[in-house]
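One structure is given here, and the rest of the page talks about it.
In this note's numbering, the protein residues as written are 1018 to 1107.
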């Protein structure tokens, strides 16, 4: 075995126009799925549920009616007093 460390070389794209000794480049068949399309589909499947949840949260935060309804549910006695009386017997 050699005492020299292993050298990792990143894979370079093959330019068919470049001169020199190159390996054969295979062209994708009609049966071979497009890697970019597969990655886009995977990205959509992974991100879409979280993005939907984020959109719902933003709707709750940015819609004044929804916020008012949610806040009124947490206020003490909000359902026991008629609106507009201005009195609180606590």
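Glycine residues also receive a C-beta, built at the ideal position from the N, C-alpha and C atoms.
DSSP state of residue 1092 mapped onto helix, strand, coil:
coil
Under 7 Å, do residue 1083 and residue 1090 count as touching if we go by C-beta distance?
no
Tell me which same chain residues have a C-beta within less than 8 Å of the C-beta of residue 1018, skipping the five on either side of it?
For residue 1018, the pLDDT reaches just 49, beneath the cut-off of 50, and the residue's location in the model is therefore unreliable, although a value from the coordinates is still provided. Result list for residue 1018: empty, nothing under 8 Å.
Nonlocal neighbours in the same chain, by C-beta distance under 6 Å from residue 1058, ignoring five residues either side
none
C-alpha distance - residue 1073 paired with residue 1066, whole-angstrom precision:
11 Å
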